[in-house]
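Here's the structure, in structure tokens; my notes come after.
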Amino acid sequence: LDLRKRQVLIFLVLLGLSRADTESAHYSVAEETEIGSFVANLARDLGLGVEELSSREARVVSDDNKKYLHLDLLTGDLLLNEKLDRDELCGSTEPCVLHFQVVLENPLQFFRVELHVKDINDHSPTFLDKEILIKISEGTTIGTTFLMESAQDLDVGSNSLQNYTISPNSHFHIKIPDSSDRKIYPELVLDRALDYEQEAELRLTLTALDGGSPPKSGTTLVLIKVLDINDNAPEFPQSLYEVQVPEDRPIGSWIVTISAKDLDAGNYGKISYTFFHASEDIRKTFEINPISGEVNLRSPLDFEVIQSYTINIQATDGGGLSGKCTLLVKVMDINDNPPEVTISSITKRIPENASETLVALFSVVDQDSGDNGRMICSIQDNLPFFLKPTFKNFFTLVSEKALDRESQAEYNITITVTDLGTPRLKTEYNITVLVSDVNDNAPAFTRTSYTLFVRENNSPALHIGSVSATDRDSGTNAQVTYSLLPSQDPHLPLASLVSINADNGHLFALRSLDYEALQGFEFRVGAADRGSPALSSEALVRVLVLDANDNSPFVLYPLQNGSAPCTELVPRAAEPGYLVTKVVAVDGDSGQNAWLSYQLLKATEPGLFGVWAHNGEVRTARLLSERDAAKHRLVVLVKDNGEPPRSATATLHLLLVDGFSQPYLLLPEAAAAQAQADWLTVYLV
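All letters in the sequence shown, in the order written, are residues -20 to -1, 1 to 665 by mature numbering (1 follows the signal peptide of the UniProt record, and there is no 0).
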């Protein structure tokens, strides 16, 4: 809204210029005066009252539409509305005048105001360039002048640039010539000849001074480059350079930088580097940067092939002058070659009874040098072998004692060769030594004696058991043959009793055995290997025949041979439990097969007599009476404890009598039976 109102006001002002009265007022103010500072009382200078300024809406309008001034309608004072910078407003124009109009309405009236902005010394001289570069040949004559850039000062009049000075030196002074535009331009004048080799450049300080009070100044650096002429040849600091390079340096690596100096400058001081009188090996292995003089590795180094290189290097400047030096490259050995093992002879099988037998002859070599080429040769600990150095780098591998194949049949020997470099490198060579067998072990039975059990009545050719022997040797030395050794009992028909399988040690009964005839027997067996000479051992074999229940009980008394029966007399006055007689029987078997028991099988009068089961005694069971029959017949069953059980019977004849005083004569057959009974009694005892 203010902008639109202002534009309308300016338009009306322009339309009414021909009809308005114009008067002008002149004022001055120093630049950089503070905002709100008093400039003039406009009401007094225009001859107007304060009330009129307010009623006629007086205002200040600048030509560039900027509010540099402010009119206080209450007092009529003209005040600064902002700080004024003369150098920004007018530049180098002098005087610096700002034009304003005071506009009054009702009626429209204009008053012209001119404000003169006075300069103060608020700027120092400044150089547009922080550095002024001047190139001067070292052959330039004395008195030559060189133009230089001038400084700038935004102030005017006496506050502007007035003079130049240069820092003290022995070669130059400043000259200020007259100019048509009354500006001050500095010139540099050469007072003494320059020498590039002594001083290639000079750094001077140029100072510009203004006329203020106190004066202000500005400085810039004057860099004077002395241009060289080619009056010096390149020179190396030393004629011989020595470097040590490890042989594992990667291709493209930096080796050394060879640098020559040329006191000249420019093209005359530019040096290029080359190899000269270089062999093909040098050109293939190294390269030199022609500008920097850096020597780099072009192909791998190998100490084992070439230990050092002598390289001639030439430095040439832009004027054709040159110098030379020698570079000695010593190749340093690194531990990059492991030891090598070469086998000259080897024996992979040795007999177990041989001592200090040569197993292998070998040599070791390491292509490196120094500690990298020194070697230590060893094998594993706790092996019955040792290494023995012979001639130079030759070693022998020897067994230190007789070996035992049965303890260990194979040895894996690792020959380890280690150098003393850093890091240590090693080579391993493996040798497998087989121990061949000799017949040094006799067959050994699993037991010193064997006990075999055979039940009687066996079938012929029955396998009754086995013996076993092993031989720790191998091959034919371990093949065992079994045999029966001659019996030490001349009455034992061993050859008709048993046989043995020579290959596996199986034993067979050749005929049926009878426990009642032969309860057991023993013999010795032998086991022999097939070595040369053959070795053998023996073991004892016991054969025990087990009883079978193949015999029935046999009654010894009373005899049951069909002869006249034996009659036993029993007094009628016998008490219960009276021993009448005893049935005696035997069994040819043994053990429980021979355990006999007795049982009353039949009786003329049951309940009158009884038989004790374990001893065969016949006793009365009750009192006898007159009513009991005189003759009695008893049948007694005798049974063994076998499985199945076997039995026999005995028949007894009993005669009841009133007393033993009655004459009793034995019949002839009874007498014979009594004699037989006496013989059996003796046999039993």
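Note that CB positions come from ideal geometry on N, CA and C, so glycine has one too.
| Asked | Found |
| --- | --- |
| Boundaries (first-last residue) of the beta strand (DSSP E) holding A38 | First-last for A38: undefined, no H or E at that position. |
| Beta strand (DSSP E) segment containing K582, residue limits | S577 to A583 |
| D620 in three-state terms, based on DSSP | coil |
| First through last residue of the beta strand (DSSP E) which encompasses I356 | M355 to S358 |
| Stretch-stretch touch, CB-based, cutoff 8 angstroms, three pairs: the region 450 to 468 with the region 405 to 420 | yes |
| Three-pair Cβ contact test at 8 angstroms for the region 472 to 483 versus the region 387 to 405 | no |
| Beta-bridge partners of Q459, as assigned by DSSP | DSSP, once it has assigned bridges, lists no residue as partnering Q459. |
| Proximity winner among S288, F589 and L604, relative to E597 (alpha-carbon distances) | F589 |
| Burial state of V525, where buried means 16 or more other Cβ atoms lie within 10 Å | buried |
| CA-to-CA distance, L377 to S358, given in whole angstroms | 10 angstroms |
| W575 vs N621 beta-carbon contact at 7 angstroms | yes |
| Identity of the residues DSSP links to Q294 by a beta bridge | T254 and K304 |
| Of the residues L243, S239, P270 and I262, the one placed nearest S252, counting alpha carbons only | P270 |
| Q642 versus V535 - alpha carbon distance | Because the pLDDT at Q642 is just 43, under 50, the model does not fix this residue reliably, and the point stays unresolved. |
| Distance, A20 Cα to K29 Cα | The question names Lys, but residue 29 is Gly in the sequence shown. One C-alpha to the other measures close to 15 angstroms. |
| Own chain residues within Cβ distance below 6 angstroms of E496, not counting five before or after | G568 |
| Proximity to S138 [Cα-Cα], best of P195, Y165, P166 and K155 | P195 |
| CA nearest to the CA of F152, picked from L581, A173 and G56 | A173 |
| Nearest-angstrom beta carbon gap, T337 and I326 [assumed within contact, 8 angstroms] | Contact flag wrong, Cβ pair sits at about 12 angstroms. |
| Exposed unless 16 or more other CB atoms sit within 10 angstroms - verdict on A583 | buried |
| Classification of D509 by the beta-carbon crowding that lies within 10 angstroms, buried from 16 upward | buried |
| Three-state class that DSSP yields for S641 in the structure shown | Unreliable positioning characterises S641 in this predicted model, as indicated by a pLDDT of 45, which lies under 50. A coordinate reading is not provided. |
| Distance CB(V77)-CB(V40) smaller than 7 angstroms | no |
| Span of the alpha helix (DSSP H) around A23 | L22 to L26 |
| Buried or exposed (CB count within 10 angstroms, at least 16 for buried), P473 | exposed |
| Host alpha helix (DSSP H) of T265 (start-end) | E260 to T265 |
| Closest Cα partner of E62 within the set H50, L54 and E68 | H50 |
| L498 versus S387: straight-line alpha-carbon distance, rounded | 46 angstroms |
| Reference D638; option with closest CA among V550, Q579 and E555 | V550 |
| Neighbourhood of D483 by C-beta, 8 angstroms cutoff - its chain only, sequence neighbours within 5 removed | T461 and Y462 |
| Endpoints, the alpha helix (DSSP H) within which L490 is located | Note, L490: premise wrong, no alpha helix (DSSP H); not H, not E. |
| Candidates R92, H96 and L60: closest to E74 by CA position | H96 |
| Straight-line gap, A340 to I356 (C-alpha atoms, nearest Å) | 17 angstroms |
| Member of F256, K328, I323 and L26 whose CA lies at the smallest distance from the CA of V413 | K328 |
| Endpoints, alpha helix (DSSP H) assigned at A610 | Counting along the chain, A610 falls outside any alpha helix (DSSP H), and DSSP gives it neither H nor E. |
| Beta-carbon spacing of I314, G273 below 7 angstroms | no |
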